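In the numbering used here, the protein residues as written are 1 to 343.
Backbone N, C-alpha and C define an ideal beta-carbon position, used for all residues, glycine too.
From a predicted model like this one, the values you see are computed outputs, not experimental measurements.
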(Lines of atoms letter the chains of each structure in order from A and count residues from 1; the text may use other names and numbers.)
(Lines give C-alpha, C1' and ligand atoms only; values in the text may rest on other atoms or scores of the structure.)
Protein backbone atom coordinates (compact mmCIF):
# COMPACT_ATOMS: atom_id res chain seq x y z
CA UNK A 1 0.00 0.00 0.00
CA UNK A 2 1.19 3.57 -0.64
CA UNK A 3 3.10 5.15 2.22
CA UNK A 4 5.57 7.95 2.77
CA UNK A 5 7.80 5.79 4.92
CA UNK A 6 6.42 2.27 5.58
CA UNK A 7 7.82 2.20 9.12
CA UNK A 8 7.01 5.81 10.00
CA UNK A 9 3.72 6.54 8.29
CA UNK A 10 1.47 5.19 11.04
CA UNK A 11 3.33 7.18 13.69
CA UNK A 12 3.28 10.39 11.67
CA UNK A 13 -0.40 9.80 10.94
CA UNK A 14 -1.09 10.24 14.65
CA UNK A 15 -1.36 13.96 14.06
CA UNK A 16 -3.53 13.72 10.96
CA UNK A 17 -6.62 14.42 13.05
CA UNK A 18 -5.04 17.71 14.03
CA UNK A 19 -4.25 18.60 10.42
CA UNK A 20 -7.92 19.49 9.97
CA UNK A 21 -6.87 22.77 11.59
CA UNK A 22 -4.46 23.36 8.74
CA UNK A 23 -7.02 22.38 6.12
CA UNK A 24 -9.58 24.76 7.60
CA UNK A 25 -7.12 27.59 7.87
CA UNK A 26 -6.15 27.33 4.22
CA UNK A 27 -9.74 27.02 3.08
CA UNK A 28 -10.83 29.93 5.26
CA UNK A 29 -7.85 32.15 4.46
CA UNK A 30 -9.95 34.48 2.32
CA UNK A 31 -13.01 34.42 4.54
CA UNK A 32 -12.14 37.16 7.04
CA UNK A 33 -14.97 39.34 5.81
CA UNK A 34 -17.45 36.64 6.79
CA UNK A 35 -16.11 36.20 10.31
CA UNK A 36 -18.29 38.89 11.85
CA UNK A 37 -21.34 37.08 10.49
CA UNK A 38 -20.33 33.66 11.84
CA UNK A 39 -18.97 33.12 15.37
CA UNK A 40 -17.94 29.58 14.38
CA UNK A 41 -15.93 30.87 11.43
CA UNK A 42 -14.33 33.50 13.66
CA UNK A 43 -13.10 30.82 16.05
CA UNK A 44 -11.83 28.63 13.21
CA UNK A 45 -9.87 31.56 11.80
CA UNK A 46 -8.33 32.21 15.21
CA UNK A 47 -7.50 28.51 15.46
CA UNK A 48 -5.59 28.68 12.18
CA UNK A 49 -3.57 31.67 13.37
CA UNK A 50 -2.79 29.90 16.64
CA UNK A 51 -1.59 26.75 14.87
CA UNK A 52 1.04 28.79 13.04
CA UNK A 53 2.17 31.09 15.84
CA UNK A 54 2.14 29.30 19.21
CA UNK A 55 5.06 27.75 21.06
CA UNK A 56 4.14 24.84 23.30
CA UNK A 57 5.00 21.36 24.52
CA UNK A 58 2.82 18.61 25.92
CA UNK A 59 1.58 15.03 25.83
CA UNK A 60 -0.70 13.91 23.03
CA UNK A 61 -2.86 10.77 23.20
CA UNK A 62 -4.05 9.17 19.98
CA UNK A 63 -6.80 6.52 20.00
CA UNK A 64 -7.36 4.42 16.88
CA UNK A 65 -8.19 0.82 15.98
CA UNK A 66 -8.69 -0.04 19.68
CA UNK A 67 -5.11 1.07 20.37
CA UNK A 68 -3.75 3.91 22.47
CA UNK A 69 -0.64 5.75 21.37
CA UNK A 70 1.00 8.37 23.59
CA UNK A 71 3.62 10.81 22.45
CA UNK A 72 5.53 13.86 23.57
CA UNK A 73 5.00 16.90 21.33
CA UNK A 74 7.12 20.04 21.02
CA UNK A 75 6.04 22.82 18.65
CA UNK A 76 7.82 26.04 17.75
CA UNK A 77 6.76 28.78 15.35
CA UNK A 78 9.04 31.70 14.53
CA UNK A 79 10.31 33.77 11.60
CA UNK A 80 11.97 30.63 10.19
CA UNK A 81 8.70 28.72 10.01
CA UNK A 82 7.27 25.77 11.95
CA UNK A 83 9.27 23.12 13.78
CA UNK A 84 7.93 20.06 15.52
CA UNK A 85 9.27 17.07 17.41
CA UNK A 86 7.27 13.94 18.23
CA UNK A 87 8.51 11.14 20.47
CA UNK A 88 6.56 7.91 20.79
CA UNK A 89 6.27 7.01 24.49
CA UNK A 90 4.81 3.52 24.16
CA UNK A 91 5.24 0.65 21.73
CA UNK A 92 7.94 0.73 19.06
CA UNK A 93 10.45 3.55 19.54
CA UNK A 94 9.92 6.27 16.96
CA UNK A 95 10.93 9.90 16.84
CA UNK A 96 10.04 12.46 14.20
CA UNK A 97 11.48 15.92 13.70
CA UNK A 98 9.69 18.21 11.26
CA UNK A 99 11.28 21.38 9.89
CA UNK A 100 8.55 23.05 7.87
CA UNK A 101 7.80 20.39 5.23
CA UNK A 102 10.97 18.32 5.76
CA UNK A 103 10.27 15.24 7.88
CA UNK A 104 13.02 13.17 9.54
CA UNK A 105 11.97 9.87 11.13
CA UNK A 106 14.35 8.05 13.49
CA UNK A 107 13.87 4.28 13.92
CA UNK A 108 16.27 2.99 16.63
CA UNK A 109 15.13 -0.64 16.30
CA UNK A 110 16.33 -0.89 12.70
CA UNK A 111 19.02 1.79 13.05
CA UNK A 112 17.56 3.74 10.15
CA UNK A 113 16.67 7.36 9.49
CA UNK A 114 14.18 8.30 6.77
CA UNK A 115 14.20 11.83 5.33
CA UNK A 116 11.59 13.20 2.99
CA UNK A 117 9.26 16.04 2.16
CA UNK A 118 5.73 15.82 3.46
CA UNK A 119 3.43 17.74 1.15
CA UNK A 120 0.36 18.14 3.34
CA UNK A 121 -2.66 17.59 1.20
CA UNK A 122 -4.29 20.77 2.37
CA UNK A 123 -1.55 23.01 0.97
CA UNK A 124 -2.91 22.99 -2.56
CA UNK A 125 -6.18 24.47 -1.31
CA UNK A 126 -4.53 27.87 -0.91
CA UNK A 127 -5.66 28.67 -4.45
CA UNK A 128 -9.35 28.42 -3.61
CA UNK A 129 -11.61 31.47 -3.81
CA UNK A 130 -12.83 33.72 -1.02
CA UNK A 131 -16.25 32.11 -0.73
CA UNK A 132 -14.84 28.74 0.38
CA UNK A 133 -16.56 28.77 3.75
CA UNK A 134 -19.86 29.32 1.98
CA UNK A 135 -19.01 26.45 -0.36
CA UNK A 136 -18.10 24.16 2.55
CA UNK A 137 -21.45 24.92 4.14
CA UNK A 138 -23.11 23.21 1.17
CA UNK A 139 -21.59 19.92 2.33
CA UNK A 140 -21.04 20.42 6.08
CA UNK A 141 -23.04 22.01 8.90
CA UNK A 142 -20.91 23.98 11.40
CA UNK A 143 -22.21 24.55 14.92
CA UNK A 144 -21.11 25.35 18.47
CA UNK A 145 -21.79 22.77 21.17
CA UNK A 146 -20.80 22.84 24.86
CA UNK A 147 -17.73 24.29 26.54
CA UNK A 148 -15.71 21.47 28.13
CA UNK A 149 -12.34 21.01 29.80
CA UNK A 150 -9.48 19.42 27.88
CA UNK A 151 -5.95 19.21 29.32
CA UNK A 152 -7.12 21.40 32.19
CA UNK A 153 -8.28 24.20 29.90
CA UNK A 154 -11.73 25.45 28.91
CA UNK A 155 -12.38 24.49 25.30
CA UNK A 156 -15.22 25.33 22.93
CA UNK A 157 -16.61 22.23 21.23
CA UNK A 158 -17.41 22.59 17.52
CA UNK A 159 -19.33 20.06 15.42
CA UNK A 160 -18.68 19.77 11.68
CA UNK A 161 -21.40 17.47 10.37
CA UNK A 162 -21.48 16.21 6.77
CA UNK A 163 -24.70 16.58 4.81
CA UNK A 164 -24.26 13.34 2.85
CA UNK A 165 -22.66 9.91 3.21
CA UNK A 166 -19.53 10.59 1.12
CA UNK A 167 -17.48 12.19 3.89
CA UNK A 168 -16.82 11.93 7.61
CA UNK A 169 -17.62 14.50 10.26
CA UNK A 170 -15.39 16.18 12.83
CA UNK A 171 -15.72 17.38 16.39
CA UNK A 172 -13.12 19.89 17.56
CA UNK A 173 -12.27 21.29 20.98
CA UNK A 174 -10.60 24.72 20.71
CA UNK A 175 -8.81 26.36 23.64
CA UNK A 176 -10.87 29.42 24.62
CA UNK A 177 -7.80 31.37 25.73
CA UNK A 178 -5.24 30.48 23.05
CA UNK A 179 -7.52 29.29 20.20
CA UNK A 180 -5.33 26.19 19.89
CA UNK A 181 -6.83 22.85 18.86
CA UNK A 182 -6.74 20.62 21.95
CA UNK A 183 -8.82 17.65 20.84
CA UNK A 184 -10.16 16.27 17.58
CA UNK A 185 -12.61 13.46 16.84
CA UNK A 186 -13.14 11.93 13.42
CA UNK A 187 -16.77 10.80 13.17
CA UNK A 188 -18.37 8.04 11.07
CA UNK A 189 -21.59 8.43 9.12
CA UNK A 190 -23.44 7.31 12.27
CA UNK A 191 -21.56 9.76 14.50
CA UNK A 192 -19.30 7.10 16.02
CA UNK A 193 -15.79 8.20 17.00
CA UNK A 194 -13.36 6.54 14.57
CA UNK A 195 -10.20 8.28 15.73
CA UNK A 196 -9.41 10.69 18.52
CA UNK A 197 -6.36 12.83 19.23
CA UNK A 198 -6.18 14.95 22.38
CA UNK A 199 -3.70 16.69 24.60
CA UNK A 200 -3.48 15.19 28.08
CA UNK A 201 -1.40 18.19 29.10
CA UNK A 202 -0.05 21.24 27.32
CA UNK A 203 2.15 24.15 28.35
CA UNK A 204 2.39 27.38 26.36
CA UNK A 205 5.71 29.23 26.48
CA UNK A 206 7.27 32.31 24.90
CA UNK A 207 10.32 30.50 23.56
CA UNK A 208 11.13 26.90 22.63
CA UNK A 209 14.93 26.42 22.85
CA UNK A 210 16.77 24.50 20.15
CA UNK A 211 17.59 21.74 22.65
CA UNK A 212 13.91 20.77 22.92
CA UNK A 213 13.81 20.13 19.17
CA UNK A 214 16.95 18.04 18.99
CA UNK A 215 16.39 14.27 18.57
CA UNK A 216 17.16 11.97 21.47
CA UNK A 217 18.22 9.21 19.09
CA UNK A 218 21.95 8.86 18.51
CA UNK A 219 22.10 8.34 14.76
CA UNK A 220 25.84 8.26 14.12
CA UNK A 221 25.75 4.58 13.17
CA UNK A 222 22.30 4.69 11.53
CA UNK A 223 21.70 4.24 7.82
CA UNK A 224 20.13 7.34 6.27
CA UNK A 225 17.60 7.16 3.44
CA UNK A 226 16.39 10.17 1.51
CA UNK A 227 13.13 9.92 -0.35
CA UNK A 228 11.77 12.65 -2.58
CA UNK A 229 8.09 11.96 -3.00
CA UNK A 230 7.43 14.27 -5.89
CA UNK A 231 9.07 13.36 -9.17
CA UNK A 232 7.67 16.32 -11.10
CA UNK A 233 7.74 19.99 -10.17
CA UNK A 234 4.31 20.53 -11.66
CA UNK A 235 1.31 20.00 -9.41
CA UNK A 236 -0.80 19.24 -12.50
CA UNK A 237 0.89 16.82 -14.87
CA UNK A 238 -0.92 15.66 -17.98
CA UNK A 239 -2.75 12.35 -17.59
CA UNK A 240 -4.36 9.78 -19.85
CA UNK A 241 -6.69 8.74 -17.05
CA UNK A 242 -10.18 9.99 -16.24
CA UNK A 243 -12.06 9.99 -12.94
CA UNK A 244 -15.67 9.72 -13.97
CA UNK A 245 -17.57 9.95 -10.67
CA UNK A 246 -16.33 12.63 -8.30
CA UNK A 247 -18.63 12.86 -5.26
CA UNK A 248 -20.39 16.20 -5.05
CA UNK A 249 -18.12 18.91 -3.67
CA UNK A 250 -14.85 17.08 -4.37
CA UNK A 251 -12.32 18.47 -6.84
CA UNK A 252 -8.97 17.32 -8.22
CA UNK A 253 -6.53 19.65 -6.48
CA UNK A 254 -3.24 18.21 -7.75
CA UNK A 255 -1.84 15.48 -9.94
CA UNK A 256 1.87 14.65 -9.92
CA UNK A 257 4.38 11.82 -10.14
CA UNK A 258 5.19 9.89 -6.98
CA UNK A 259 7.89 7.26 -6.56
CA UNK A 260 6.38 4.41 -4.57
CA UNK A 261 8.44 2.39 -2.06
CA UNK A 262 10.57 -0.26 -3.84
CA UNK A 263 9.38 0.98 -7.25
CA UNK A 264 11.49 1.99 -10.23
CA UNK A 265 8.84 3.79 -12.28
CA UNK A 266 6.90 6.62 -10.59
CA UNK A 267 3.16 6.34 -10.22
CA UNK A 268 0.60 9.04 -10.88
CA UNK A 269 -0.65 10.52 -7.64
CA UNK A 270 -3.93 12.43 -7.70
CA UNK A 271 -5.22 14.37 -4.70
CA UNK A 272 -8.94 15.00 -4.46
CA UNK A 273 -10.48 17.18 -1.77
CA UNK A 274 -13.68 18.91 -0.74
CA UNK A 275 -11.73 21.37 1.40
CA UNK A 276 -11.65 19.15 4.51
CA UNK A 277 -11.54 15.51 3.44
CA UNK A 278 -8.67 14.45 1.18
CA UNK A 279 -8.37 11.33 -0.98
CA UNK A 280 -5.33 9.99 -2.83
CA UNK A 281 -5.47 8.06 -6.09
CA UNK A 282 -2.36 6.11 -7.11
CA UNK A 283 -2.09 4.77 -10.67
CA UNK A 284 0.92 2.49 -11.02
CA UNK A 285 2.14 0.68 -14.14
CA UNK A 286 2.57 -3.08 -13.65
CA UNK A 287 5.44 -4.38 -15.83
CA UNK A 288 4.35 -8.02 -15.62
CA UNK A 289 0.95 -8.60 -14.11
CA UNK A 290 1.55 -12.31 -13.57
CA UNK A 291 4.69 -11.57 -11.59
CA UNK A 292 2.94 -9.24 -9.14
CA UNK A 293 2.16 -11.23 -5.96
CA UNK A 294 0.71 -8.26 -4.10
CA UNK A 295 -1.89 -7.03 -6.57
CA UNK A 296 -4.63 -5.28 -4.64
CA UNK A 297 -8.28 -5.65 -5.59
CA UNK A 298 -11.37 -4.82 -3.58
CA UNK A 299 -11.71 -3.04 -0.26
CA UNK A 300 -9.29 -2.78 2.64
CA UNK A 301 -10.42 -0.92 5.78
CA UNK A 302 -7.67 0.35 8.08
CA UNK A 303 -9.48 1.99 10.96
CA UNK A 304 -10.86 5.30 9.73
CA UNK A 305 -8.91 4.97 6.48
CA UNK A 306 -10.51 3.07 3.62
CA UNK A 307 -8.80 1.83 0.48
CA UNK A 308 -10.12 0.25 -2.69
CA UNK A 309 -8.01 -1.31 -5.43
CA UNK A 310 -8.69 -2.30 -9.03
CA UNK A 311 -6.51 -3.72 -11.81
CA UNK A 312 -7.10 -2.02 -15.15
CA UNK A 313 -5.09 -2.36 -18.37
CA UNK A 314 -1.89 -3.54 -16.66
CA UNK A 315 -2.17 -0.81 -14.04
CA UNK A 316 -2.73 -1.03 -10.30
CA UNK A 317 -5.19 1.65 -9.21
CA UNK A 318 -5.47 2.36 -5.49
CA UNK A 319 -7.83 4.91 -3.92
CA UNK A 320 -7.21 5.67 -0.25
CA UNK A 321 -8.44 8.26 2.23
CA UNK A 322 -10.11 9.00 5.55
CA UNK A 323 -13.57 8.86 4.00
CA UNK A 324 -16.31 6.20 4.02
CA UNK A 325 -15.73 2.96 2.10
CA UNK A 326 -18.51 3.89 -0.33
CA UNK A 327 -16.56 6.96 -1.45
CA UNK A 328 -13.27 5.24 -2.35
CA UNK A 329 -15.10 2.36 -4.06
CA UNK A 330 -17.16 4.75 -6.16
CA UNK A 331 -14.04 6.65 -7.20
CA UNK A 332 -11.98 3.54 -7.99
CA UNK A 333 -14.68 1.99 -10.16
CA UNK A 334 -15.14 5.23 -12.11
CA UNK A 335 -11.51 5.51 -13.26
CA UNK A 336 -10.87 4.75 -16.92
CA UNK A 337 -8.25 5.26 -19.60
CA UNK A 338 -8.87 8.07 -22.07
CA UNK A 339 -8.67 6.11 -25.30
CA UNK A 340 -8.40 9.31 -27.30
CA UNK A 341 -5.26 10.48 -25.49
CA UNK A 342 -1.84 10.13 -27.05
CA UNK A 343 -0.03 6.96 -26.01
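query	result
Contacts around residue 308, its chain only, beta-carbon distance under 6 Å, and the 5 residues preceding and following it disregarded	299, 319, 328, 329, 332
Helix, strand or coil at residue 330 [DSSP, three-state]	helix
Environment of residue 325 [buried if 16+ CB atoms lie within 10 Å]	exposed
Inter-residue CB distance, residue 179 and residue 49 (contact presumed, cutoff 8 Å)	7 Å
Counted within 10 angstroms of its Cβ, other Cβ atoms place residue 173 as buried (16 or more) or exposed	buried
Chain-order list of residues whose beta-carbon lies under 8 Å from that of residue 415 (same chain, five-residue window excluded)	The structure shown does not extend to residue 415, since the chain is modelled only from 1 to 343, so the question has no answer here.
Per-residue DSSP class, three states only, for residue 133	helix
For residue 51, three-class secondary structure by DSSP	helix
Closest residue to residue 74 among 203, 284, 105 (Cα-Cα distance)	203
Whether residue 196 touches residue 177 by CB criterion (9 Å)	no
Proximity of residue 168 and residue 295 at Cβ, strictly below 9 Å	no
Buried versus exposed, by CB contacts within 10 Å (16 or more), residue 270	buried
CA-to-CA distance, residue 252 to residue 128, given in whole angstroms	A caution first: residue 128 carries a pLDDT of 31, below 50, which makes its placement in the model unreliable, though a value can still be read off. In a straight line, the C-alpha of residue 128 is about 12 Å away from that of residue 252.
Uninterrupted beta strand (DSSP E) stretches inside the stretch 166–202 (no shorter than 3 residues)	169–175, 181–187
Cα-Cα separation, residue 323 to residue 79	35 Å
Residue 90 beta carbon less than 9 Å from that of residue 401	Residue 401 falls outside the range modelled here, since the chain spans only 1 to 343, and no answer is possible.
Of the listed residues 96, 65, 266, nearest to residue 306 (C-alpha basis)	65
With 16 other Cβ atoms within 10 Å as the buried cut-off, status of residue 97	buried
Cβ pair residue 193, residue 63 closer than 9 Å	yes
Residue 22 (DSSP reduced to helix, strand or coil)	Any reading at residue 22 must be qualified, since the residue scores a pLDDT of 47, below 50, and its modelled position is unreliable; no value is offered.
Every unbroken beta strand (DSSP E) within the stretch 240–300, with a cutoff of 3 residues, ordered by chain	241–243, 251–258, 267–273, 278–285
Alpha carbon of residue 152 to alpha carbon of residue 60, nearest angstrom	13 Å
Straight-line Cα distance separating residue 338 from residue 106	42 Å
Counted within 10 angstroms of its Cβ, other Cβ atoms place residue 207 as buried (16 or more) or exposed	exposed
Segment limits, beta strand (DSSP E) that includes residue 86	81–88
Pairwise C-alpha distance: residue 53 and residue 146	26 Å
Backbone CA spacing between residue 46 and residue 212 [nearest angstrom]	26 Å
Residue range of the unbroken beta strand (DSSP E) whose run includes residue 163	Run containing residue 163: none; DSSP gives neither H nor E here.
Residue 279 classed as buried or exposed, judged by whether at least 16 other C-beta atoms fall within 10 angstroms	buried
Test item: CB-CB of residue 237 and residue 281 under 9 Å	no
Outcome for residue 92 when other beta-carbon atoms lying within 10 angstroms are tallied against a minimum of 16	exposed
Nearest-angstrom beta carbon gap, residue 226 and residue 310 [assumed within contact, 8 Å]	No, residue 310 and residue 226 are not in contact; Cβ-Cβ is about 32 Å, not under 8 Å.
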